[in-house]
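Going by the working numbering, the residue at position 202 of the sequence shown is 210; the numbering climbs one at a time, nothing skipped.
Ideal placement from N, C-alpha and C gives every residue a C-beta, glycine not left out.
Since the structure is predicted, the reported quantities are computational estimates derived from the model, not experimental observations.
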Amino acid sequence: MRDTNYSNIEDTYNESKAQHNINPDVHIKGLLQHKKALRVLDVGCGTGNYLMKQQQFFEGRGQIEWFGIEPSEAMLEIFQKNNDNDSITVKLAEAEAIPFEDNYFDYVICNHSYHHFTDKEKAFGEIYRVLQKKGVYHINTIHPYDMKKSWVYQFFPDVYQEDILRFYSMDTLFRTLETTGFDTKIEKRVYTYRRSMKSIQEEAKLRNYSQLHLISDVEYENGIIAIENFMQFNKSVLIEHAKLYPIGFKS
Ligand SMILES: C[S@@+](CC[C@H](N)C(=O)[O-])C[C@H]1O[C@@H](n2cnc3c(N)ncnc32)[C@H](O)[C@@H]1O
């Protein structure tokens, strides 16, 4: 399985589209209805954007302690540079060995990170261990199997071959979470829409999607040429995007 080295793309990571689209977390809102003091852990927190935004959204609403773990020093350095408040604690660590005691957190989230875990079963076991009873685990991820017409896979087909080695199918993810001990529920959303080729070309040229670093420079350049060729006859293209929202409850 090939994987992205975030120490090579941390400079441009914050410019990617997904980083500008963070809303107040509905699971935190839900937990706050029953409990005023919460501990939240972001596993694979990257540059800390989720934690910093949520900390602002929930400022003054309950007592929330914010934590993150992240194995890339380069990503954490960006976090330290951007974060001027000390209410967020981050540690250099992997999901497979979470440096916190059992039953410590009320809520654990993985935002686009679980597919990087080299030992997913071990990582899910660790997340289960550090969650309290009645705690919630939420994964935010894509489902490559339902989005073969994503622009990335259409123009960079080698990325799809790599992604299906990293991402579990919905069934496998469900079974793995259930076997770990979680009461599991997965919501899937599939979108089909038309996108302008110009915007795709601009995004592809930035190469700040981690997926575009799974392939060689030659494969990447071939994709850029495929986009240019397609643009000679088409202003737009029909694309697919599929998202999964798995939830694990520790009963
Ligand atoms: C696509 S980024 C997402 C970062 C952040 N969650 C966000 O939404 O911006 C994936 C992150 O997972 C981290 N990661 C890779 N392997 C990991 C592991 N074994 N345990 C925890 N995080 C890992 C990467 O270093 C990277 O920061």
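Note to self: If I measure Cβ to Cβ from Pro79 and keep anything under 6 Å in the same chain, skipping five residues before and after, which residues do I get?
What the structure shows: Closer than 6 Å at Cβ, skipping near neighbours: Glu102.
Checklist line | Ala45 (DSSP reduced to helix, strand or coil) | finding: strand
Next item on the list: Please confirm if Phe108 has its CB atom under 8 Å from at least one CB of chain B.
Entry: This model lacks chain B altogether, as it is built from one protein chain only.
Checklist line | Neighbourhood of Gln71 by C-beta, 8 Å cutoff - its chain only, sequence neighbours within 5 removed | finding: If we look at Gln71 and ignore the five residues flanking it on each side, its Cβ neighbours are Lys44, Ala45, Leu46.
Checklist line | Element boundaries [alpha helix (DSSP H), containing His124] | finding: First-last for His124: undefined, no H or E at that position.
Check: Is His249 helix, strand or coil by DSSP?
Finding: strand
Note to self: Assuming Gly52 is part of the alpha helix (DSSP H), what are its boundary residues?
What the structure shows: First-last for Gly52: undefined, no H or E at that position.
Item checked: Span separating the alpha-carbon of Asn111 from that of Val144 -> 12 Å
Next item on the list: Indicate, with yes or no, if ligand 1 has a heavy atom lying under 7 Å from the CB of Phe241.
Entry: no
Check: CB of Pro165 to nearest heavy atom of ligand 1: below 7 Å?
Finding: Because no heavy atom of ligand 1 lies under 7 Å away, the Cβ of Pro165 does not count as near it: no.
Notebook entry, point to check: When the Cβ atoms of the region 185-192 are set against those of the region 232-246, are three or more pairs found closer than 8 Å?
Noted result: In this structure the region 185-192 does not lie against the region 232-246, because fewer than three pairs of beta carbons, one per stretch, are closer than 8 Å.
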